[in-house]
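Asks: Numbering (numbering that gives the first Met the number 0), first residue to last: 0 to 378.
Even for Gly, the Cβ is constructed at its ideal location relative to N, Cα and C.
Given the structure is predicted, the values throughout are model-derived calculations rather than measurements.
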Amino acid sequence: MALSWLDADASARREAGLHREVTPREESGALVDLASNDYLGLARHPATIAGAQEAAARWGTGATASRLVAGTTRLHDDFERDLAAFLGVEAALVFSSGYLANIGAVSALAGRDGFIVSDTGAHASLIDGCRLSRSQVVVIERGDHEALARVLATRTRQRALVVTDSVYSIDGVIAPIAEYHQVAREHGAMLLVDEAHALGVRGRGGRGVVDELGLSGADDLVVTTVLSKSLGSQGGVVAGSARVRDHLVDTARTFIFDTGLNPPAAGAARAALATLRDNPDLCDQVRHNAARIAERCGGQPPESAVVSLIVGDPHRAVEAAAGCRGVGVHVGCFRPPSVPAGTSRLRLTARADLSEDLIDDVTSRIRGVLDGLGVRVGA
Ligand code: PMP
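(1) Alpha carbon to alpha carbon, what distance is there between S3 and I385?
(2) How many Å lie between D118 and R291 at the Cα?
(3) Start and end of the alpha helix (DSSP H) containing S132?
(4) Can you give me the Cβ contacts of M189 inside the same chain, cut-off strictly under 8 Å, excluding the 5 residues immediately before and after it?
(5) Note down, one range per segment and in chain order, each alpha helix (DSSP H) of at least 4 residues found wholly within the stretch 237-322.
(6) When the Cα of D245 is compared with those of G50, V21, C282 and E89, which residue comes out closest?
(7) Beta carbon of R73, beta carbon of H329: below 8 Å?
(8) Using a 10 Å radius around the Cβ and a threshold of 16 neighbouring Cβ atoms, would you call G40 buried or exposed?
(9) If you follow the alpha helix (DSSP H) that R43 is in, where does it begin and where does it stop?
(10) If contact is defined by three or more beta carbon pairs under 8 Å, each pair taking one atom from either stretch, is the stretch 259-270 in contact with the stretch 33-48?
(11) Do A271 and G216 come within 8 Å of each other at the CB atom, strictly closer than that value?
(12) How about H18: is its Cβ closer than 7 Å to a heavy atom in the ligand PMP?
(13) One question on the structure: do N36 and T348 come within less than 8 Å of each other, judged by their Cβ atoms?
(14) So, using beta-carbon positions, are W58 and P262 closer together than 8 Å?
(15) Figure out for me which residue from E145, E211 and R206 has the closest Cα to the Cα of L198.
(16) Following the continuous beta strand (DSSP E) through T348, name the residue where it begins and the one where it ends.
(17) Contact criterion: CB-CB distance below 8 Å. Does S27 meet it with respect to chain C?
(18) Per DSSP, which one or two residues make a beta bridge with I358?
(19) The ligand PMP and H44: does any heavy atom of the ligand fall closer than 7 Å to the residue's C-beta?
(20) Tell me whether A264, by its Cβ, gets closer than 7 Å to a heavy atom of the ligand PMP.
(21) What is the DSSP secondary structure of Q135, reduced to helix, strand or coil?
(22) Just to confirm my understanding: we take A121, look at its own chain, exclude 5 residues before and 5 after, and list those with CB closer than 7 Å. What are they?
(23) Round the Cβ separation of A62 and G259 to the nearest angstrom and send it over; I've been treating them as touching at under 8 Å.
(24) With distance defined between alpha-carbon atoms, name the residue in V93, G377, S303 and R111 nearest to E211.
(25) Please identify the residue among R111, A15 and R201 whose C-alpha is closest to the C-alpha of L281.
(26) By the 10 Å Cβ neighbour count, where 16 or more other Cβ atoms means buried, how is A152 classified, buried or exposed?
(27) Quick one: what's got a C-beta closer than 7 Å to V368's C-beta in the same chain, skipping five residues either side?
(28) Is H196 close to the ligand PMP? I mean its beta-carbon at under 7 Å from any heavy atom of the ligand.
(29) Return the CA-CA distance between A104 and L125, expressed in angstroms with no decimal places.
(30) Roughly how far, in whole angstroms, is the beta-carbon of V236 from the beta-carbon of A100, given that I think they are within contact range, below 8 Å?
(31) Could you tell me whether any non-hydrogen atom of the ligand PMP is closer than 7 Å to the CB of N101?
(32) Give the single residue among A351, R344, P335 and L353 whose Cα lies nearest to the Cα of R13.
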């Protein structure tokens, strides 16, 4: 009785086409993967796997404690230095996930007396960070830097933080980071940019949008990113000035109270970062492949590795994704609340290690499915 509302809720979601299934993915090779965020194909790269294995052998399988107790190894230290050098910042701090990095950074940089402006494209982890911070939060339309200026100019609280993704995760479009940064600077606010979908994909050799704009190392800018996409591992990063790092070590609850990033994940990500650093062309390759996928599926030319094919209706989007699976292609299917109502879509992701022949083959299969269902995609 006490739980009958669960059934009512579930059937409402089913009727709306918003029920979700947790489906185990096939072992490698059974389906062509155009759904993961393994943009550079490094999750199965021998060097990445060796990095995880060596770290496990040397440091053990778990961090064994929070970072401030016994969960920091020399590997964590070295890796944070590598990340800071790669990103062109003073210091970096790794967390056990990107989600926790964002929650920790936002809530530590904007407290109860703070003011946050977030845009509508911000990832759920940034939104949750805003909520947990207990700051005053104002949401602006995605990309609207004029609204950002208005909101910052009329705020009554001094300590202000602007949060955004650099590459919006849903459709891979790039946020106006240069404008956001200029406005934030003019109004004495700090800017936090989540580069989860930009690392490995944009900027010189995959250093991200902030690098591309020449803003790396700006003292009023904090970058967060993840180890779980282009670096094929698991974990999150906050990168910026040494004083921001110090502040997070002292105050970010998801750093202080969470068990440290496990050594195999750190070892894998460190190895993947070295692969990326030594092969800057991986970044060009994934963008080239994304462009080819989009062109052949009728999508807009992509700005990152993400190709978004808008279907509209959530039931149709589920049908289209299932049809793709039926022809051996795994694609993402995004529906509300992950995307606005009426914009359910297939989300295809490129990888650097896809051959042109394979892209041509799978995109023909996808087109066949969409045509068979009479789906005309928008973008
Ligand atoms: N930020 C963005 C933009 C993301 O897309 C994600 C992952 N979906 C995260 C943060 C969270 O990262 P993680 O999955 O490593 O926890």
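Replies: With the structure as the only source:
(1) Outside the modelled stretch of the chain, which goes from 0 to 378, sits residue 385, for which no answer is possible.
(2) 30 Å
(3) A123 to S132
(4) L108, A159, L160, V161, A183, D219, L220 and V221
(5) 241-250, 252-255, 262-277 and 280-296
(6) E89
(7) no
(8) buried
(9) Unbroken run through R43: none, as it is neither H nor E.
(10) yes
(11) no
(12) no
(13) yes
(14) yes
(15) R206
(16) S343 to T348
(17) Looking for chain C here will not work: only one protein chain is present.
(18) None; I358 has no bridge partner.
(19) no
(20) no
(21) strand
(22) V162, T163 and D164
(23) 3 Å
(24) S303
(25) R201
(26) exposed
(27) A319, G322, C323 and V326
(28) yes
(29) 9 Å
(30) 6 Å
(31) yes
(32) P335
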